[in-house]
Amino acid sequence: MTAPPDDCLARNDWICGDYLSTRRQILLDAVGQHVQLTVVSVGLGLVIALPLALLARRRRWTVGPVLGITTVVYTIPSLAMFSLLLPVYGLSATLVVVGLALYSLTLLVRNILAGLDGVPAGTKEAARGMGYGPMRQLLTVELPLAVPAAMAGLRIATVSAVALTTVGAIVGYGGLGNLIYAGMNAYFKAQVLTASVLCVLIAVAFDLLLLGVERLLTPWRRAGRTPRPARGRRLPTASGRRA
Numbered sequence: 181m182t183a184p185p186d187d188c189l190a191r192n193d194w195i196c197g198d199y200l201s202t203r204r205q206i207l208l209d210a211v212g213q214h215v216q217l218t219v220v221s222v223g224l225g226l227v228i229a230l231p232l233a234l235l236a237r238r239r240r241w242t243v244g245p246v247l248g249i250t251t252v253v254y255t256i257p258s259l260a261m262f263s264l265l266l267p268v269y270g271l272s273a274t275l276v277v278v279g280l281a282l283y284s285l286t287l288l289v290r291n292i293l294a295g296l297d298g299v300p301a302g303t304k305e306a307a308r309g310m311g312y313g314p315m316r317q318l319l320t321v322e323l324p325l326a327v328p329a330a331m332a333g334l335r336i337a338t339v340s341a342v343a344l345t346t347v348g349a350i351v352g353y354g355g356l357g358n359l360i361y362a363g364m365n366a367y368f369k370a371q372v373l374t375a376s377v378l379c380v381l382i383a384v385a386f387d388l389l390l391l392g393v394e395r396l397l398t399p400w401r402r403a404g405r406t407p408r409p410a411r412g413r414r415l416p417t418a419s420g421r422r423a
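Start counting at 1 in the sequence shown, then tack on 180, and there's your number in my numbering.
As structure tokens, then:
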């Protein structure tokens, strides 16, 4: 009876240190591509979602169409989405970025709009009473107060993008997804497990990073108060008392 080989690669183990040491550069390149695709796609989605949310807030009749269209886009299966975009962008990283950006819209638009709608009426009235114009009120009062809801949507959209990026392997731009699909085809256990674990770690890292950014942008939440206006006077809370 032949003894099992000492090399974990030869044994095709799920956990193999030799795989990490011999494929280190391949893994780093895949992680880099995965992170880049995620950041660019979510960033593009945010650039599109913010004007859409502001439009829906200003012209309420557009809320239904904007949310309806973004929701329909979100329901399209990823393979079908990439197939629809293929004639326009070809087999390129842009195809993956645009597809992921479209998927992020429904989460981002809904949460930004919910955050803006959740600003207390008393706070907005106080800002107007202090002479704030519409743009100044939006930038210094409403958007800061909408940050928690908007960041919640951004965190979910980012984690979803990390997972969906793997599907880009069908066009050769899937980051760690390329390794997962190649490993599945060859039944290369260590590659499949390592790439999958790295995807989870990237998602957790992004979520913690965005949570930290949210805490930095909303220091008043830790103190249990609303943000102060530019003139140094405090705005009243929803109950009418000054915070």
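Here a beta-carbon is modelled for each residue, glycine too, at the ideal position from N, C-alpha and C.
- Here N365 is exposed: its Cβ has fewer than 16 other Cβ atoms, across all protein chains shown, within 10 Å.
- Given a length threshold of 4 residues, each whole run of the alpha helix (DSSP H) inside the stretch 361-404 is given here in chain order: 369-397, 399-403.
- Under a 10 Å Cβ-count criterion, A190 is classified as exposed, with fewer than 16 other Cβ atoms of the shown protein chains found around its own Cβ.
- Note that the stretch 374-386 touches the stretch 205-219; at least 3 beta-carbon pairs, one per stretch, sit closer than 8 Å.
- T303 and V327 do not touch by the CB rule: their CB atoms are close to 14 Å apart, not below 8 Å.
- Straight through space, the alpha carbons of G197 and V339 are spaced by roughly 27 Å.
- From the listed residues P267, I249, I206, the smallest Cα separation to L282 is found for I249.
- Assignment of V299 by DSSP, reduced to helix, strand and coil, places it in the coil class.
- Sorting A341, G313, G295 by C-alpha distance to the C-alpha of P324 places G295 at the top.
- The beta carbons of G357 and L285 sit about 22 Å from each other, so the pair does not count as a contact at 8 Å.
- Taking C-beta atoms under 8 Å as the contact rule, L271 and V351 qualify, at a distance of about 5 Å.
- Taking the Cβ atoms as the reference, A301 lies roughly 37 Å from T218, outside the contact range of under 8 Å.
- Residue state for W194 is assigned as coil, using DSSP reduced to three classes.
- Secondary structure note for G333: its alpha helix (DSSP H) is the uninterrupted segment 323-344.
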